[in-house]
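Novice: If you read the protein sequences in the order shown, they are chains A and B. Here the first sequence stands for residues 1 to 386, where the numbers follow UniProt numbering. Here the second sequence stands for residues 1 to 386, where the numbers follow UniProt numbering. Pasting a structure here, questions to come.
There are 2 protein chains.
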Amino acid sequence: MRNFDFKNPTKIIFGKGQIAKLKEELPENAKILMLYGGGSIKRNGIYEQVKEATSGFEVVEFSGIPANPEYEVLMKALKVIKEENITFLLAVGGGSVIDGTKFLASAALYEGEEPWEILTQKVPTTKAMPFGTVLTLPATGSEMNSGAVITREETKEKLGMGGPGLFPVFSILDPEVIKSIPSRQLVNGITDAFTHVLEQYMTYPSGAYLQDRFAESIMQTLIEVGPKVLNDPSDYTAASNFMWSCTMALNGLIQKGVPTDWAVHAMGHELTALYGIDHARTLAVIAPSHYRFNFEAKKEKLAQYAERIWNITEGSVDHKASAAIDRTEEFFNQMGIDTKLSAYTEDYHGTAEEINKRFTDRGWTGLGEHQSLTPANVEEIVKMAY
Amino acid sequence: MRNFDFKNPTKIIFGKGQIAKLKEELPENAKILMLYGGGSIKRNGIYEQVKEATSGFEVVEFSGIPANPEYEVLMKALKVIKEENITFLLAVGGGSVIDGTKFLASAALYEGEEPWEILTQKVPTTKAMPFGTVLTLPATGSEMNSGAVITREETKEKLGMGGPGLFPVFSILDPEVIKSIPSRQLVNGITDAFTHVLEQYMTYPSGAYLQDRFAESIMQTLIEVGPKVLNDPSDYTAASNFMWSCTMALNGLIQKGVPTDWAVHAMGHELTALYGIDHARTLAVIAPSHYRFNFEAKKEKLAQYAERIWNITEGSVDHKASAAIDRTEEFFNQMGIDTKLSAYTEDYHGTAEEINKRFTDRGWTGLGEHQSLTPANVEEIVKMAY
């Protein structure tokens, strides 16, 4: 097990009817900017619940934060924060709204010239405007971590940011929201959370037995409840386990003491930036090819995963490892997720070369848990995913 | 899954050589009271490491905190805190030293008449003097939770306290300390952590699939690494998994959203208070009888535990559940822990009646996950454990 530091101060308020608790969590005398997306919260009753719970506060609204939170839109919100002397941000939405809010929390106190530098110059956020979240779409884990990913349409870039100042003060997770989520989004959430676990698990054995078992616990739970949630999103037991699994998949716990990969995300982000493919689907496209390309380096963990998750116990390490990749692809396919790039765009020729070029231009030469993947390797992996 | 709130702000600094990081975690200009036990830290090198790391600070020492931290001793430390204008407490030890330090953190700011009231009147601690810990004995999980248990020899009482003000600011966990721990203490640690998990798991199915799997992960890891740690305490991989498992067993995570029992602890505490039996051993004495007495109420979870932890997959629910209790007792016995009270004292006759009387006097009529166990039931359980 590797040395690690772990601290996660976010307060989670989980369960039915918990949105009403907002009023107890918001700072007294706060002037709040409530941020949300395209308005689905007005159709599913969340908007009313939030308005009711914040009725004793001064609240300004900012709606229209898109999936893959867009820099130009966020800069408009930043203007509102400054003009209205906002003191607290409240994200009501999924990962995109929460990530956008994290950017704003950081940008509001940023003293540099242009807030985009926070992303390009990888400025860690140690101080930010305090913010809370009401989660409406389980998937990214952003509600209990200190990272965010922001997109800039102008340059077709999608970049990450983070820092200890970016943990939400609180996050309210009411699994009842799940019954109003379209199944496409539910499938994305299950796939996103599952891949988050894979990125922190599918590396090489490092003697972190407990972390391995926690990671396996989340994957087993997602496999158990995923189909139930899709079949009946009003199944509260399934919904609550799905929601808590998504949070635990990326709140820092399972990555502590272990090597992590994250190359699948690095490649996937490019597919979203280039073609607008849903984030989760890009992960399902890249992951199987990535594991096949890096088979020798990952086969021990792949075989452990085969045994413990998919009950593939017969045969050699190579056989089990290979079968586990197939089984993972099948899992995605069974939920209706295509795992080939060509299913999403006819225009895929040249994608691999383009991503090679982008990574080369950015100087990204050491991806993956061994920091060994080159842009040329990435090109091969993306081609395997056509 | 039940509704829950979860917040755990303790910073964990885990791994080899991490004690040196103390100097980065202590508040500037702090006047520190360093608390420790009987002096084992002077024999294993921890004392020197802590002194080295705190050399830039003003540090007063208070040693001699006994196992089952004793109120009279702690009151002497409280006097030192007040006389020396201490601003930060540093516990260097196991659960007893840390629990004692939590009591002091609370008592230092307590405005009532007599700090023992914090325990007898169950006063929750919302504000306390800040404190950090250097863990020298994995077992209780006190390094990452906000609870403590304090003993008063005078009245033969052992009572709990807690509150959101009692999370350590930081805890340093260096698994290398394990190689100097006597095996009796290691066995106690494994048994204590394992029973902590059982108390939060062995109830009835509540649809908290992820929490169940996390609990099972900790038990599986303890079963895997426990014998290795006992065989070779310098096995770093085993030691680090043992240490992290003990912390995760009682840092709040696995109890969220599920019913919990804690009757084993309530009964066990009395055996320690009456006969001075090691805390962990009292749990191993009580747990099997408790599960046999409450068999009908617990058999579904016992059968799940049988299947997932002990690979007992054949037979009826009753058969699996019963075999799992036997297997648990065997696990304790194999580590050298006696699971009958008569192995610890010849003077056990009347113990059950005495505990019935104590619980009755305190008005404790609803123990366990169904709040249904009466003092008379407790008497029967303790008798089964003779």
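Ideal placement from N, C-alpha and C gives every residue a C-beta, glycine not left out.
Is Ile81(B) helix, strand or coil by DSSP?
Specialist: Start at 1 with the first residue of the second sequence, and residue 81(B) comes out as number 81. If DSSP states are grouped into helix, strand and coil, Ile81(B) belongs with the helices.
Novice: Compare the Cα-Cα distances from Gly132(B) to each of Lys102(B), Phe359(B) and Glu153(B) and report the closest residue.
Specialist: By one-based count along the second sequence, residue 132(B) stands at place 132. It is Lys102(B).
Novice: Tell me the DSSP bridge mates of Lys158(A)?
Specialist: Locating residue 158(A) in the first sequence gives position 158, counting from the first residue. Note: Lys158(A) sits in a beta bridge opposite Thr151(A).
Novice: Name the DSSP bridge partner or partners of Thr360(A)?
Specialist: Here residue 360(A) refers to the residue found at position 360 when the first sequence is read from its first residue. Looking at the DSSP assignment, Thr360(A) forms no beta bridge with any residue, so it has no partner.
Novice: On the three-state DSSP scale, how would you describe Lys31(B)?
Specialist: Translated into positions along the second sequence, residue 31(B) becomes position 31. Reduced to three states, the DSSP call for Lys31(B) is strand.
Novice: Starting from Val258(B), find everything on chain A with Cβ-Cβ shorter than 8 Å and list it in chain order.
Specialist: Within the second sequence, the letter at position 258 stands for residue 258(B). Correct list: empty, because the minimum Cβ distance to chain A is about 11 Å.
Novice: Is the segment 208-224 of chain A in contact with the segment 232-247 of chain B, if contact means three or more CB pairs nearer than 8 Å?
Specialist: At 8 Å Cβ cutoff, the stretches touch.
Novice: Is it a yes or a no for the segment 179-191 of chain B touching the segment 219-231 of chain A, going by three-plus beta-carbon pairs under 8 Å?
Specialist: Result no; under three Cβ-Cβ pairs closer than 8 Å.
Novice: For the segment 288-350 of chain A, which segments carrying the alpha helix (DSSP H) assignment without a break, of at least 4 residues, lie completely within its bounds, in sequence order?
Specialist: Complete alpha helix (DSSP H) runs here, min 4: 295-310 and 317-334.
Novice: Leaving out five residues on either side along the sequence, give the residues of the same chain with a beta carbon under 8 Å from the beta carbon of Phe88(B).
Specialist: Counting from 1 along the second sequence, the entry for residue 88(B) is found at position 88. Leu26, Pro27, Ala30, Lys31, Ile32, Leu33, Met129, Pro130, Phe131 and Gly132, listed in sequence order.
Novice: When you compare the CB of Glu224(B) with every CB in chain A, is at least one pair closer than 9 Å?
Specialist: Indexing the second sequence from 1 puts residue 224(B) at position 224. Answer yes: the Cβ-Cβ gap between Glu224(B) and chain A drops below 9 Å somewhere.
Novice: Run down chain B in chain order and give the residues with a C-beta less than 7 Å from the C-beta of Ser217(A).
Specialist: Locating residue 217(A) in the first sequence gives position 217, where the first residue counts as 1. Those within 7 Å of Ser217(A) in chain B are Leu210, Arg213, Phe214 and Ser217.
Novice: Whose CA, out of Asp278(A), Leu104(A), Phe57(A) and Tyr47(A), lies closest to the CA of Val73(A)?
Specialist: Looking up residue 73(A) in the first sequence gives position 73. If we check each option's Cα against that of Val73(A), Leu104(A) comes out closest.
Novice: Look at the alpha carbon of Glu154(A) and the alpha carbon of Ala67(A), and state the distance between them as a whole number of angstroms.
Specialist: Here residue 154(A) refers to the residue found at position 154 of the first sequence. Here residue 67(A) refers to the residue found at position 67 of the first sequence. Approximately 16 Å, taken between the alpha carbons.
Novice: Whose C-beta lies closer than 6 Å to the C-beta of Gly162(B) among residues of the same chain, with five residues either side of it excluded?
Specialist: Locating residue 162(B) in the second sequence gives position 162, counting from the first residue. Taken in chain order, the residues that qualify are Ser146 and Gly147.
Novice: Would you call the segment 341-358 of chain A and the segment 250-262 of chain A in contact, with 3 or more CB pairs under 8 Å?
Specialist: No, the segment 341-358 of chain A does not touch the segment 250-262 of chain A.
Novice: Can you tell me the Cα-Cα spacing of Glu270(A) and Leu166(A), whole angstroms?
Specialist: For the purposes of this step, residue 270(A) is taken as the residue at position 270 of the first sequence. For the purposes of this step, residue 166(A) is taken as the residue at position 166 of the first sequence. The alpha-carbon atoms of Glu270(A) and Leu166(A) are separated by roughly 24 Å.
Novice: Is it the case that the Cβ atoms of His196(A) and Thr136(A) are separated by a distance below 9 Å?
Specialist: By one-based count along the first sequence, residue 196(A) stands at place 196. By one-based count along the first sequence, residue 136(A) stands at place 136. No; because the gap between Cβ atoms is not below 9 Å, this pair is not in contact.
Novice: Could you confirm whether any beta carbon from chain A is found closer than 9 Å to the beta carbon of Ser245(B)?
Specialist: Mapped onto the second sequence, residue 245(B) falls at position 245. Yes, its Cβ sits closer than 9 Å to a Cβ of chain A.
Novice: What residues match up with Lys127(A) in a beta bridge as DSSP calls it?
Specialist: As a first step, residue 127(A) must be located in the first sequence, where it is residue number 127. Per DSSP, none; premise fails for Lys127(A).
Novice: Please name the residue, chosen from Gly45(A), Ala108(A) and Asn3(A), that lies closest to Met75(A) on a Cα-to-Cα basis.
Specialist: Position 75 of the first sequence holds residue 75(A). Checked all of Gly45(A), Ala108(A) and Asn3(A); the closest Cα to Met75(A) is Ala108(A).
Novice: Cβ of Gln121(B) less than 9 Å from any chain A Cβ?
Specialist: Along the second sequence, read from residue 1 onward, the residue named residue 121(B) stands at position 121. Answer no: the Cβ-Cβ gap between Gln121(B) and chain A never drops below 9 Å.
Novice: Please report how far the alpha carbon of Asp232(A) lies from the alpha carbon of Ala323(A), in whole angstroms.
Specialist: Against the first sequence, residue 232(A) aligns to sequence position 232. Against the first sequence, residue 323(A) aligns to sequence position 323. If you take the alpha carbons of Asp232(A) and Ala323(A), they lie about 30 Å apart.
Novice: Chain A beta carbons: is any one of them nearer than 9 Å to that of Asn3(B)?
Specialist: Here residue 3(B) refers to the residue found at position 3 when the second sequence is read from its first residue. Chain A, which has a Cβ nearer than 9 Å to the Cβ of Asn3(B), makes this yes.
Novice: Measuring straight from C-alpha to C-alpha, what distance separates Ile312(B) and Met202(B)?
Specialist: Reading the second sequence from its first residue, position 312 is the one you call residue 312(B). Reading the second sequence from its first residue, position 202 is the one you call residue 202(B). Approximately 16 Å, taken between the alpha carbons.
Novice: First and last residue of the beta strand (DSSP E) that includes Thr11(A)?
Specialist: Here residue 11(A) refers to the residue found at position 11 of the first sequence. Residue identity differs from the one stated: residue 11(A) is Lys in this sequence, not Thr. Phe4 to Phe14 is the extent of the beta strand (DSSP E) around Lys11(A).
Novice: Hey, how far is the Cα of Val292(B) from the Cα of Pro124(A)?
Specialist: To locate residue 292(B), count along the second sequence from 1; it is residue 292. To locate residue 124(A), count along the first sequence from 1; it is residue 124. The question names Val, but residue 292(B) in the sequence shown is Arg. Rounded to the nearest angstrom, the two C-alpha atoms are 54 Å apart.
Novice: Does any C-beta atom of chain B lie closer than 9 Å to the C-beta of Ser240(A)?
Specialist: As a working note, residue 240(A) is residue 240 in the first sequence. Closer than 9 Å to some Cβ of chain B, the Cβ of Ser240(A) qualifies, so yes.
Novice: Between Lys127(B) and chain A, is any beta-carbon pair separated by less than 9 Å?
Specialist: As a first step, residue 127(B) must be located in the second sequence, where it is residue number 127. No, Lys127(B) lies away from the interface with chain A (no Cβ there is under 9 Å from its Cβ).
Novice: In chain B, which residues lie less than 9 Å from Met384(A) when you measure between Cβ atoms?
Specialist: Within the first sequence, residue 384(A) is the residue found at index 384, counting from 1. Those do not exist, as Met384(A) stays about 33 Å from chain B at its closest Cβ, beyond 9 Å.
Novice: In whole angstroms, what separates the C-alpha of Thr351(A) from that of Leu341(A)?
Specialist: Counting from 1 along the first sequence, the entry for residue 351(A) is found at position 351. Counting from 1 along the first sequence, the entry for residue 341(A) is found at position 341. Between Thr351(A) and Leu341(A), the C-alpha separation is close to 10 Å.
Novice: Is there a C-beta anywhere in chain A that falls below 9 Å from the one on Asn8(B)?
Specialist: For the purposes of this step, residue 8(B) is identified with residue 8 of the second sequence, where counting begins at 1. Yes, Asn8(B) counts as interfacial toward chain A.
Novice: Let me see if you follow: with CB-CB separation under 9 Å, is Met75(A) close to chain B or not?
Specialist: Position 75 of the first sequence, counted from the start, is the residue given in the question as residue 75(A). Met75(A) does not count as touching chain B.
Novice: If you count every other CB in all the chains shown that lies within 10 Å of the CB of His349(B), and 16 or more means buried, which is it?
Specialist: In the second sequence, the residue the question calls residue 349(B) occupies position 349. Burial call: exposed.
Novice: Expressed to the nearest angstrom, what Euclidean distance is found between the alpha-carbon atoms of Glu48(B) and Lys42(B)?
Specialist: By 1-based counting over the second sequence, the position of residue 48(B) is 48. By 1-based counting over the second sequence, the position of residue 42(B) is 42. Their backbone Cα atoms lie some 7 Å apart in a straight line.
Novice: With distance defined between alpha-carbon atoms, name the residue in Glu58(B), Glu111(B), Tyr36(B) and Gly95(B) nearest to Ala77(B).
Specialist: Taking the second sequence and counting its residues from 1, one reaches residue 77(B) at position 77. Per the Cα distances, Tyr36(B).
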